[in-house]
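Protein sequence lines, in the order shown, are assigned to chains A and B. Counting along the first sequence from 1, when you hit position 291 you're at 291 in this note's numbering, and nothing is skipped either side. Every number in this note's numbering is 1000 more than the matching position in the second sequence, counting from 1. Beta carbons are placed, not taken as given, at the ideal position from N, Cα and C, and that holds for glycine. The model shown is predicted, which means the values in this text are computed figures rather than measured ones. Below: one structure, written as structure tokens.
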Amino acid sequence: MTMGQYVARRAFLSVFLLLGVSVLVFSIMHMAPGDPVMMVAGLEAPPEVVEAIRKEWGFDQPIHVQYFRWLRRAVVLDFGISLTTRERVSFMILSRVPNTLKLNLAAYALALCIAIPVGVYSALRQYSLFDHVGTVAALLGVSMPGFWLGLMLMIVFALKLHILPVFGMGTWKHYVLPAFTLGAAQAAGLMRMTRSSVLEALHQDYVRTARAKGLAERVVIYKHVLKNAAIPIVTMMGFRFAYILSGSFIVEHIFAWPGIGRLAINSLYSRDYFVVQAVVLMTATMIVIANLTVDIIYCFLDPRIRYD
Amino acid sequence: MLLVVTLVAALMVAGCAPQQEEAKPGAEEPKEQPKEEPKYGGTFIIAQYADITHLCPFLSTDGASNTVNRMIHMPLVMYRGNNELVPILAERWEYSDDGLEWTFYLRKGVKWHDGTEVTAHDVKYTYDLIMDPATKSIRRGNFDLVDKVEVIDDYTLRIVTKEPFAALLDKIATQPIVCKHHVEKVGLENYNHHPLGCGPFKFKEWVPEEKVVLERFDEYFEGRPYLDQVVFVNIPEPSVRLMALETGEAHYNWWQTPEEEIPRLQEDPRFTLYWALRTDFHFFGLNHWHPFFKDVRVRQAFAYAIDKEAIVENFVPYTGVVAHGPYSEAYGFYYNPDVPKFTYDPDKAKELLAAAGWADTDKDGILDKDGQPFKIEMMIKQGDELRRNIAVLIQKWLKDVGVEMTIREWEWSLMLDALTKTRDNWDVTLVQFGASPEPDHHLIFHSTGGFALGNYSNPRVDELLEKGRTTLDPQQRKVYYDEYQKIVAEDVAVIFLWHSNHVNVCSSRFKGMKQEPAGQLQYIHQVWDTEATGK
């Protein structure tokens, strides 16, 4: 099987996967208790208004009719009209995507900048003071809940030191606390993964051979250790990237960041079906694409991985 | 998030309005004149709990949108002070002897933000739009009893009702007017991003999920606002909203200030706390369909078994006032303090239960009658920490008198269904009823009321509520509502626990607000920044 065939096959299967996800998302939302129309219309709305809203949004139709109508539109990125704001869902999502992307990319970059060098250096200096400090920091990073870390950072840097803002976006300063909060847990996991992958590679025969050949340590590390240690790291980076649009719900909520996460949480509270369905479907699509991309990168990194 | 059953009750305080109401400019002046000379300029940043959803005043349903809307748009009358209805766009009004025709005389010279004048045509257009089923306004129910709206001339409007409608003023007080020619030009579908009103601030910008920016309207009919801008920012977390106030990134928080933070904020000179006693009540609801609760002695026993003073003292010491009846003092004229009061008395509770035939015959610690143990289930909203804690306390108090109560958390929408539709699948509950200052409680305590909380039915209460909503004479209405308050308290329609004493936290840098039950932001045009330097 050629690589082209492999990619085509995976892409084809991904479509079915997404279809399955769409059925699941649609069913879960519709099986959830409560009447979305009542949530939107309010308790004091007269019955004829409730019925008019129900009809307008098609909730009076059988569920399979609703599903296919929604799917037909979703294929062309028309996710319908928001129940609460009466705006186009695609517009609502698109207007928030850049904000979420900016935050997540900043956090992702921060995580990479911290995790890779610290992880590699910890592995090269195993059981040194630096390694121990790195291990403790990683444990803290993984263990601390995002909302708690965010609040602590706010108290220190905004409330006490007055050097960073508490909420919102606009200047570079607004990025520091949410990006660090979001990046800390990512960096911690990635750092531990990097450390263990590099340690494992360091103990491989080919490294011993490279050193025996008299290669400079720098060459051994860069050419033999890091390249081979990269596969699990790339996998993890790929998975993290998949959550670049959906991994910051809590942080967006805490820091009042105007992104997809805030939109999703607000929509869940108000039972804005069409927005929730669109966000979940978009997230699923991102994960499928990220998985596919990681698999393809594997092939370049390690020729031993076969397409079949 | 606090559980709130916000059932906007409504029928109205025409009672507050004498047959012919003159404009009372003095009533709109601040009671406490600031010592310093007000300054022009500055930006007032209000922290909101959520983004707005609609800027059309008859399509918005949430508090965040309504707060913004009420600065852009104005109604004919408005609640101010101690929940009195004061003239705003209407200079005065009168009603016919049969109570079916209301005539409103509009203030002349009031300008829309585009410089044109507000006329009776705009008012008719607004009300007609709301009443048009095609608009799908959830406020349409407010105008159910309105037969038609007629323009007499540019400044005179007549509203004809199908029957005497005492709540009419309350309905129009919560309904700001839109500009006819502007809505026709931009269309309702585009109104969200192009709202235009005649309020003290005009719309400048809405950045979704981030902020709404309003700027002052120099020709506002109550005088040019002191502030240059009002900005609404969205901070969903209550603790973060407070931090934003402390760092100066926001200046005002009107939603869910954490109870435990209030003593500290009261001591902090950087903040001024504004209190507004609400016309709501939090209550222990009993399902009157349940056979156990058909006997009034059992209901009264529960009222004696629950220590409402302890609940307020322990859970809402600052934001709660013990309730004995359906009206708080914020109802002003209609408040009747002389209602039966049930104070904590477990011995009295046991006596009443025994008198009702309940006894612990099998000595298992739980009362029983005709072989049925007194076991009930409490329905509370999922994730509502406040009510979960109160429920545990009530569970203990009821256990002390021989009643076993289990607690079950319900998903909110299911709970709403249970309260309003499938009414026989719950025993007791803890919720809040949030009402307007209109005394009519037909919605919840009339046997045919839309929500009929707890399925309460009492023919005398029905009669009083019916008379109250169709009587326009305030003195006569008060007679009906005084008796109504006594009966629902004595009959234990529900067990009243506390009224909300809402707190708004404002940076002390800003002056011009008032301590009034009707709230603070309706005086936004008088708010000024002590650090402003503008002209």
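Going by the beta-carbon positions, is the gap between residue i and residue j smaller than 8 Å?
{"i": "B/F1433", "j": "B/D1280", "result": "yes"}
{"i": "A/G168", "j": "A/I254", "result": "no"}
{"i": "A/D78", "j": "A/S90", "result": "yes"}
{"i": "B/D1147", "j": "B/T1156", "result": "no"}
{"i": "B/V1428", "j": "B/F1283", "result": "no"}
{"i": "B/Q1048", "j": "B/V1233", "result": "yes"}
{"i": "B/E1209", "j": "B/D1051", "result": "yes"}
{"i": "B/A1354", "j": "B/L1277", "result": "no"}
{"i": "A/L159", "j": "B/E1246", "result": "yes"}
{"i": "B/D1128", "j": "B/V1110", "result": "no"}
{"i": "B/V1392", "j": "B/K1350", "result": "no"}
{"i": "A/V142", "j": "A/A185", "result": "yes"}
{"i": "B/H1502", "j": "B/W1275", "result": "yes"}
{"i": "A/I81", "j": "A/A187", "result": "no"}
{"i": "B/P1258", "j": "B/S1239", "result": "yes"}
{"i": "A/T84", "j": "A/G259", "result": "no"}
{"i": "B/Y1327", "j": "B/Y1318", "result": "no"}
{"i": "A/L164", "j": "A/L177", "result": "yes"}
Excluding the 5 residues flanking residue i on each side, which residues of the same chain have their C-beta closer than 7 Å to its C-beta?
{"i": "A/L71", "result": "S22"}
{"i": "A/S197", "result": "A229, P232 and I233"}
{"i": "B/D1345", "result": "Y1304"}
{"i": "B/N1542", "result": "This structure cannot settle anything about residue 1542 of chain B, because the visible part of chain B is limited to 1001 through 1535."}
{"i": "B/E1022", "result": "Model confidence at B/E1022 stands at a pLDDT of 37, short of 50, so the residue's coordinates are unreliable; what they give is reported in the following sentence. Contacts found: R1092."}
{"i": "A/Q5", "result": "none"}
{"i": "B/I1390", "result": "I1311, F1315 and L1430"}
{"i": "B/T1272", "result": "C1506 and S1508"}
{"i": "A/I116", "result": "T194"}
For residue i, which option in the options has the closest C-alpha, if you only look at C-alpha atoms?
{"i": "A/M236", "options": "A/A290, A/M154 and A/S248", "result": "A/A290"}
{"i": "B/K1108", "options": "B/L1100, B/E1101 and B/R1092", "result": "B/R1092"}
{"i": "A/L226", "options": "A/P62, A/F241, A/V76 and A/Q204", "result": "A/Q204"}
{"i": "B/I1046", "options": "B/S1065, B/E1377, B/P1439 and B/E1036", "result": "B/S1065"}
{"i": "B/N1192", "options": "B/I1138, B/I1152 and B/I1072", "result": "B/I1072"}
{"i": "B/D1462", "options": "B/D1473, B/L1443, B/V1186 and B/A1518", "result": "B/L1443"}
{"i": "B/Y1105", "options": "B/I1130, B/D1098 and B/I1159", "result": "B/I1159"}
{"i": "A/I28", "options": "A/I63, A/P47, A/A52 and A/V50", "result": "A/I63"}
{"i": "B/H1441", "options": "B/G1325, B/K1369, B/I1380 and B/T1361", "result": "B/G1325"}
{"i": "B/N1504", "options": "B/E1261, B/E1313 and B/F1292", "result": "B/E1261"}
{"i": "B/V1296", "options": "B/D1347, B/A1356 and B/G1383", "result": "B/A1356"}
Kindly list, in the order they appear in chain A, the residues whose Cβ is closer than 9 Å to that of residue i.
{"i": "B/H1054", "result": "T84, T85 and R86"}
{"i": "B/E1249", "result": "A158, P165, V166, F167 and G168"}
{"i": "B/V1233", "result": "F167, G168 and A256"}
For residue i, which residues of its own chain have a beta-carbon under 8 Å away from its beta-carbon, when the five flanking residues on both sides are left out?
{"i": "B/Q1522", "result": "R1070, M1078, Y1079 and R1080"}
{"i": "A/I297", "result": "V234 and G238"}
What residues of chain B sit near residue i, judged by a beta carbon separation below 7 Å?
{"i": "A/V89", "result": "Ordered by position in chain B, no residue passes the 7 Å Cβ test against A/V89, which lies about 12 Å from the chain."}
{"i": "A/R262", "result": "E1209"}
{"i": "A/H319", "result": "Because chain A here runs from 1 to 308, residue 319 of chain A falls outside it and cannot be looked at."}
Would you mind telling me which residues of chain B sit closer than 8 Å to residue i, beta carbon to beta carbon, in chain order?
{"i": "A/A49", "result": "According to the sequence shown, residue 49 of chain A is Val rather than Ala. Chain B residues near A/V49: P1133, K1136, S1137, I1138, R1140 and G1141."}
{"i": "A/S95", "result": "P1208"}
{"i": "A/I53", "result": "K1136"}
{"i": "A/R208", "result": "Those do not exist, as A/R208 stays about 54 Å from chain B at its closest Cβ, beyond 8 Å."}
{"i": "A/M144", "result": "Chain B residues near A/M144: none, gap ~17 Å exceeds 8 Å."}
{"i": "A/H174", "result": "Here the premise fails: no neighbours, minimum Cβ distance about 10 Å."}
Among all the DSSP beta bridges, which residues are the ones paired with residue i?
{"i": "B/F1283", "result": "B/V1431 and B/F1496"}
{"i": "B/P1373", "result": "B/D1368"}
{"i": "B/W1206", "result": "B/V1212"}
{"i": "B/W1358", "result": "B/W1358 pairs with nothing; no bridge assigned."}
{"i": "B/H1502", "result": "B/A1276"}
{"i": "B/D1153", "result": "B/T1156"}
{"i": "B/T1043", "result": "B/Q1229"}
{"i": "A/Q61", "result": "A/Q61 is not bridged to any residue."}
Report the neighbours of residue i on chain B: residues whose CB is nearer than 9 Å to its CB, in chain order.
{"i": "A/L151", "result": "E1237, S1239, V1240 and M1243"}
{"i": "A/H224", "result": "Those within 9 Å of A/H224 in chain B number zero; the least Cβ separation is about 48 Å."}
Could you work out which residues of chain A lie near residue i, taking near to mean beta carbons separated by less than 8 Å?
{"i": "B/A1050", "result": "N266"}
Find the residues of chain A that neighbour residue i, judging by a C-beta separation of less than 7 Å, and give them in chain order.
{"i": "B/E1246", "result": "L159"}
Might you give, ordered along the chain, the residues of its own chain that have their beta carbon closer than 6 Å to the beta carbon of residue i, omitting 5 neighbours on each side?
{"i": "A/G58", "result": "Q66"}
{"i": "B/T1135", "result": "L1129"}
{"i": "B/P1057", "result": "N1069, H1073 and P1176"}
{"i": "B/G1512", "result": "Q1526, V1527 and W1528"}
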